[in-house]
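The block underneath contains the structure these notes are about, expressed in structure tokens.
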Amino acid sequence: MKKIIIVGGVAGGASAAARLRRLSEEDQIILFEKDEYISFANCGLPYYLGGVIQDHDRLLVQTVEGMSKRFALDIRNFSEVIKVDPQAKTLQVYDHRNQTTYEEDFDVIILSPGAKPLVPPFAGLQEATNWFTLRNIPDTDAIYAFMQTHQPKHATVVGGGFIGVEMAENLREKGLEVTLVEKMPQVLAPLDFEMAQLVHEELQLSGVKLRLNAGVDHFEQAGSQVVLDDGSRFETDMIILAIGVRPTTDLGKDTFALGPRGHFLVNNRLQLFTPNNEVLEHCYAIGDAIEVVDFVNQAKTAIPLAWPANRQGRIVADIINGDAITYEGTLGSSVLKVFDLTIATTGNNERTLKQKGIPYVALHAHRGNHAGYYPNAKNIALKILYHPDTKRILGAQGVGGEGTEKRIDVIATAIKLHASIESLSSLELCYAPPFSSAKDPVNILGYIAENLIQNRYRMFYAHEVDTLAQNKAFFLDVRTPIEFSTGHLPNAINIEVDALRERLAELPQERNTPIYVNCQVGQRAYLAIQILRSHGYQNLYNLSGGYTTYRASQFVSA
Ligand code: FAD
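In this note's numbering, the protein residues as written are 2 to 559.
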């Protein structure tokens, strides 16, 4: 029989506790949670505030009583572990109810203390009484109570990450005017810029005022004035700080090795190290508090998401019970809803691959989420990245209607199974008109990649258009004149694909001249390129994602 201590009773900690008990009826399991609630639905909190989830109790996935009974656990809430001595195998617990400190011993310890919101020392924040962060149920209750009592008309959300964007949506759904302030040029960092532009448009169309490239400088008048670092200022009634999180690792900062941003360092068996880098066989850490290996680029990173925390919670229990399993790294698959859009990502984006010096090919596609003739088909904008030599898929992003995350999930599966980009063409996926097309958008990505790999054409990208235009590139737009009249690339000439065979004389006659072809999404351009190839043109480029991706990339938030 082992005495196992778990620190932190939500995603990682609760998963570990349940799995440990399923694997052994013998072990003594004590779970310490510093707050009142265990196993609550962090991910549901914004939706409670937006009124989508109406019943507060629905946020409590498990209660202390319920979980203690079902899994025969000794759960101690309001109990904060303040120090761990891995050599003596003891820890100090501060009981918030009695305000006393006591010691416990253990054979094995699992730390899952999570991460807490960053709160920069903005001038004027201390005097403000209208600012909040969102991590747990008390935070949620405080925001809810403030909204009930103060009836705010305007909210400022600082930070355009997942929680910031979800809060912006939910506060807007509650009828507030919302300004979202983000220091970077885009929201949602896992997306590349041109994909994030689709989200910017959706946020703006839904009434969220976006202030990109603008950080908060300070607050004035007890938080009712927000002053940005570009000198602009506006009035607000409440402030949500969603700037990011930092790991809650203070309890082990002197006893365990920490990474550059304060995360616990662990090996692939989730075991902690001493500050001298000796493995502590009986000490484990999981969840938002640890550094993980990026599954794609194998570098150390931190990915605070629920899937890794739950997965690690399960396998740490398996490891403790003698399984030879290891944690193979985190892909960072994620999804969120922004009004009518679904946004999903997996693996590395273009920005990360550039930073890491990893070669890649990017391609975009736009496809209906189901058959166009079946009512309410919505577009899905997809971007995929693969290695030009190994053809291994490196990452994907999707922004669109229902079913967007299904496509990214398929690609996430392919990445985990080390599939090549070409193999996406041969995936036999479910099809009926309400759900997809006989060629699923994922298959289409494979087909486009095959064309590139077989050198049928090369890609050019929205971000290259300005430079190409300056160099007097020949842009050929093969859409209809009506589509062309709604907007086109600079100085493009318009020859509709169906008229191309008859109007070849209007093209440069030198067959080596590069011709940059575009249509709305890339499909008609591909056909046009095939026609041009058969007439001897050799230097042909297709605009990745077509005019749709180009137009999105040009969106200017007001
Ligand atoms: P947590 O679940 O945060 O649990 C840590 C617990 O440890 C806390 O309850 C804390 O009080 C306790 N603790 C800390 N220190 C001590 C101590 N010294 N002693 C005792 N107890 C301690 N992820 C997604 O994948 N999808 C989503 O849609 C999503 N939405 C989110 C929305 C919100 C508002 C938030 C806050 C998070 C969201 N996340 C989402 C992230 C996800 O909830 C976390 O990645 C996950 O909960 C991490 O699990 P964890 O066990 O590491 O930490």
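Just so you know, even glycine gets a beta-carbon here, dropped at the ideal spot from N, CA and C.
Model, not experiment: these values are computed from the prediction.
At which residues does the beta strand (DSSP E) containing residue i begin and terminate?
i, result
"Phe-147", "Premise fails: Phe-147 lies in the alpha helix (DSSP H), 138-151, not in any beta strand (DSSP E)."
"Val-411", "That residue, Val-411, is in no beta strand (DSSP E); its alpha helix (DSSP H) goes 405-417."
"Arg-504", "Unbroken run through Arg-504: none, as it is neither H nor E."
"Ile-7", "4-8"
CA-CA distance, residue i and residue j?
i, j, result
"Asn-380", "Phe-340", "15 Å"
"Leu-177", "His-155", "5 Å"
"Val-1", "Glu-236", "Since the first residue of the chain shown is 2 and the last is 559, residue 1 is not available in this structure."
"Arg-368", "Ala-397", "15 Å"
"Thr-186", "Leu-428", "Looking at the sequence provided, one finds Pro at residue 186 rather than Thr. Answer to the nearest angstrom: the Cα atoms are 36 Å apart."
"Thr-157", "Glu-37", "29 Å"
"Glu-451", "Gly-399", "20 Å"
"Lys-84", "Tyr-285", "15 Å"
"Ile-394", "Ala-19", "35 Å"
"Ile-39", "Thr-141", "15 Å"
"Leu-74", "Ile-54", "29 Å"
"Gln-555", "Ala-470", "15 Å"
"Lys-355", "Gly-245", "23 Å"
"Ala-294", "Gly-330", "First, the amino acid is wrong: residue 294 is Val here, not Ala. So the alpha carbons of these two residues sit roughly 5 Å apart."
"Gly-162", "Gly-13", "22 Å"
"Leu-281", "Phe-274", "5 Å"
"Phe-41", "Arg-136", "11 Å"
"Glu-170", "Leu-204", "8 Å"
"His-97", "Leu-32", "15 Å"
"Leu-337", "Thr-405", "10 Å"
"Gly-323", "Ser-334", "29 Å"
"Phe-476", "Glu-465", "12 Å"
"Leu-192", "Glu-66", "41 Å"
"Val-8", "Val-82", "7 Å"
"Asp-467", "His-419", "36 Å"
"Gly-315", "Gly-523", "At residue 315 the sequence reads Arg, which differs from the Gly that was named. When rounded, the distance between both Cα atoms is 44 Å."
Need the endpoints of the alpha helix (DSSP H) that residue i sits in, please.
i, result
"Lys-338", "Per DSSP, Lys-338 belongs to no alpha helix (DSSP H); it is in the beta strand (DSSP E), 335-339."
"Asp-86", "No alpha helix (DSSP H) contains Asp-86, which is instead part of the beta strand (DSSP E) from 80-86."
"Phe-485", "482-486"
"Lys-384", "Run containing Lys-384: none in the alpha helix (DSSP H); it sits in the beta strand (DSSP E), 380-387."
"Leu-252", "Element bounds for Leu-252: n/a, residue is neither H nor E."
"Lys-355", "351-357"
"Ala-529", "524-535"
What does DSSP give as the partner residues of residue i in its beta bridges?
i, result
"Trp-132", "Ile-240"
"Phe-41", "Leu-61"
"Asp-75", "Ile-31"
"Asn-543", "Met-460, Val-518"
"Val-294", "Lys-301"
"Thr-550", "DSSP output for Thr-550 lists no bridge partner at all."
"Leu-477", "Ile-494, Val-518"
"Leu-181", "Val-158, Leu-211"
"Gln-272", "Tyr-285"
"Val-188", "DSSP lists no partner for Val-188."
"Ala-116", "Pro-248"
"Ala-363", "Leu-386"
Under the three-state reduction of DSSP, which class applies to residue i: helix, strand or coil?
i, result
"Val-234", "This sequence places Arg at residue 234; Val is not what is there. Looking at Arg-234 - three-state DSSP - the assignment turns out to be strand."
"Ile-30", "strand"
"Pro-47", "helix"
"Val-518", "strand"
"Glu-167", "helix"
"Gly-210", "The amino acid at residue 210 is misidentified as Gly; the sequence shows Lys. Three-state result, Lys-210: strand."
"Gly-13", "helix"
"Val-53", "coil"
"His-464", "helix"
"Phe-194", "helix"
"Gln-226", "strand"
"Glu-105", "strand"
"Arg-173", "helix"
"Ala-397", "strand"
"Gln-93", "strand"
"Leu-259", "strand"
"Glu-279", "coil"
"His-155", "strand"
"Arg-368", "strand"
"Glu-221", "strand"
"Ala-124", "strand"
"Ala-18", "helix"
"Val-267", "strand"
>> Extract the residue ranges of the alpha helix (DSSP H) inside the stretch 435-462, only unbroken runs of 4 or more that lie entirely within it.
In response: Restricting attention to alpha helix (DSSP H) runs no shorter than 4 residues, the stretch 435-462 encloses them at 442-454, ordered along the chain.
Report task. Counting only runs of 3+ residues fully inside the stretch 296-347, write out the beta strand (DSSP E) ranges in chain order. Result -> Within the stretch 296-347, the complete beta strand (DSSP E) runs of at least 3 residues fall at 335-339.
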